[in-house]
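As structure tokens, the structure follows; a few thoughts come after it.
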Amino acid sequence: MKDLELKVKNKEPLTMSDFKDMELDEVAVKLEELDVVSTMCHEYGEPGYNNPKKEILFGDWNYVDNDVVEALEDDGYALEWDDEWGISVDNTAFRVVSSEIGWMPSFFVFEGEMYPIKDYEEMYVEEVLKNNYKTAGPDWLDLSKYGFVKSTESNSGYYDSCENKSPESMAKNIPEGEDYVFKISNLEPWCMEYELWIREGKVDDVENV
Numbered sequence: 001m002k003d004l005e006l007k008v009k010n011k012e013p014l015t016m017s018d019f020k021d022m023e024l025d026e027v028a029v030k031l032e033e034l035d036v037v038s039t040m041c042h043e044y045g046e047p048g049y050n051n052p053k054k055e056i057l058f059g060d061w062n063y064v065d066n067d068v069v070e071a072l073e074d075d076g077y078a079l080e081w082d083d084e085w086g087i088s089v090d091n092t093a094f095r096v097v098s099s100e101i102g103w104m105p106s107f108f109v110f111e112g113e114m115y116p117i118k119d120y121e122e123m124y125v126e127e128v129l130k131n132n133y134k135t136a137g138p139d140w141l142d143l144s145k146y147g148f149v150k151s152t153e154s155n156s157g158y159y160d161s162c163e164n165k166s167p168e169s170m171a172k173n174i175p176e177g178e179d180y181v182f183k184i185s186n187l188e189p190w191c192m193e194y195e196l197w198i199r200e201g202k203v204d205d206v207e208n209v
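Take the sequence shown: its position 114, counting from 1, is numbered 114 in full-length UniProt numbering, and each next residue is one higher.
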């Protein structure tokens with residue numbers, strides 16, 4: 001054990017030979033004891049990911065050799081970098097950094113805890129309304145379920161075709177006290193498209209937005 005701790009301390013990659021006759025489940029536990037693995041869970045909440053046969057291990061994989069990574073993955077584990085992921089209150093895993101162009105978080109943070117938007121939609125919308133920017137995503141969020149109707153849409157960016165009407169400038173023309181949300185409908189490197197949604201029954205009060 002001390003030899004393993006010393007290798008980790010010296011940032012020497014651990015290899016399968018360091019774990020001698022351990023079963024791979026024991027290797028996973030040992031990596032957690034060594035703080036190479038910071039946490040684990042069994043289910044992804046992030047869209048587009050399939051759950052592994054065993055656990056998802058979150059860690060700093062600079063401390064292990066490729067043979068350890070491959071052995072764990074072949075045994076049914078999924079390995080992720082712990083600085084790119086977070087665990088929700090429902091013990092599901094979500095990316096906290098962008099993985100591709102157009103990526104938007106599928107979670108929100110409330111009182112220091114991560115919540116999946118799809119399971120706490122109404123709570124999420126209420127939190128968005130309290131936010132100064134009142135900006136919501138992802139694009140699949142259906143605001144009509146919460147009494148909102150789409151008023152208009154616009155975009156902002158560096159393309160010649162962009163209207164460059166920012167949500168901040170549009171918000172200045174919305175009467176004080178109105179419930180409204182700017183929903184991001186498309187996110188590209190040089191252009192953001194968004195929709196203005198206003199609480200139903202109040203849309204007629206908003207002009208020249």
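Note that the Cβ used here is the ideal one computed from N, Cα and C, for glycine as well.
In this structure, does DSSP put residue i in helix, strand or coil?
i, result
"P189", "coil"
"W85", "strand"
"Y120", "coil"
"F146", "Correcting the residue identity first, residue 146 is Tyr in this sequence and not Phe. In the structure shown, Y146 sits in a helix (DSSP, three-state: H, G or I)."
"E126", "helix"
"E33", "helix"
"Y180", "strand"
"M40", "strand"
"E113", "strand"
"Y77", "coil"
"E5", "helix"
"N51", "coil"
"N164", "coil"
"S17", "helix"
"Y159", "coil"
Considering only residues of the same chain and omitting the five flanking positions on each side of residue i, which have a CB-CB separation below 8 Å?
i, result
"G102", "N186, L187, E188"
"N50", "Y44"
"M40", "A28, E32, E55, I56, L57, F58"
"Y159", "W190, C191"
"D67", "T15, M16"
"G157", "N164, E188, W190, C191, M192"
"D18", "D3, L4, K7"
Is residue i near the ligand ADP, going by C-beta to nearest heavy atom under 7 Å?
i, result
"D67", "What this structure holds is no ligand at all, so the ligand ADP is not there to describe."
Beta strand (DSSP E) containing residue i: first to last residue?
i, result
"L57", "56-59"
"V109", "107-110"
"residue 222", "The displayed coordinates of the chain run from 1 to 209. Any statement about residue 222 would go beyond what the structure contains."
What are the start and end residues of the alpha helix (DSSP H) that includes residue i?
i, result
"residue 254", "The displayed coordinates of the chain run from 1 to 209. Any statement about residue 254 would go beyond what the structure contains."
"residue 219", "With the chain running from 1 to 209 in the structure shown, residue 219 is simply not present."
Below 8 Å on the Cβ atoms is my guess for residue i versus residue j; work out the distance and round it to an integer in Å.
i, j, result
"N155", "E163", "6 Å"
"L72", "L24", "6 Å"
"P116", "F110", "In fact, because the Cβ distance is near 11 Å, the residues do not count as touching under 8 Å."
"P52", "A78", "4 Å"
"W85", "V96", "6 Å"
Taking the Cβ atom as the reference point for each residue, do residue i and residue j lie within a distance shorter than 8 Å?
i, j, result
"I87", "M123", "no"
"D82", "P13", "no"
"K183", "G147", "no"
"K134", "V128", "yes"
"F60", "V36", "At residue 60 the sequence reads Asp, which differs from the Phe that was named. Yes, Cβ-Cβ distance for D60 and V36 is below 8 Å."
"E153", "E121", "no"
"E178", "I198", "yes"
"M170", "L196", "yes"
"E20", "Y63", "Before going further, note that residue 20 is Lys rather than Glu in the sequence given. Taking 8 Å as the Cβ cut-off, K20 and Y63 do not qualify as a contacting pair."
Within its chain, find whatever has a CB closer than 7 Å to the CB of residue i; leave out the 5 residues flanking it on each side and keep chain order.
i, result
"D119", "D90"
"D74", "none"
"E46", "A93, F94, R95, S106"
So, for residue i: in the same chain, excluding its five sequence neighbours on each side, which residues have a beta-carbon less than 6 Å away from its beta-carbon?
i, result
"L141", "none"
"K30", "none"
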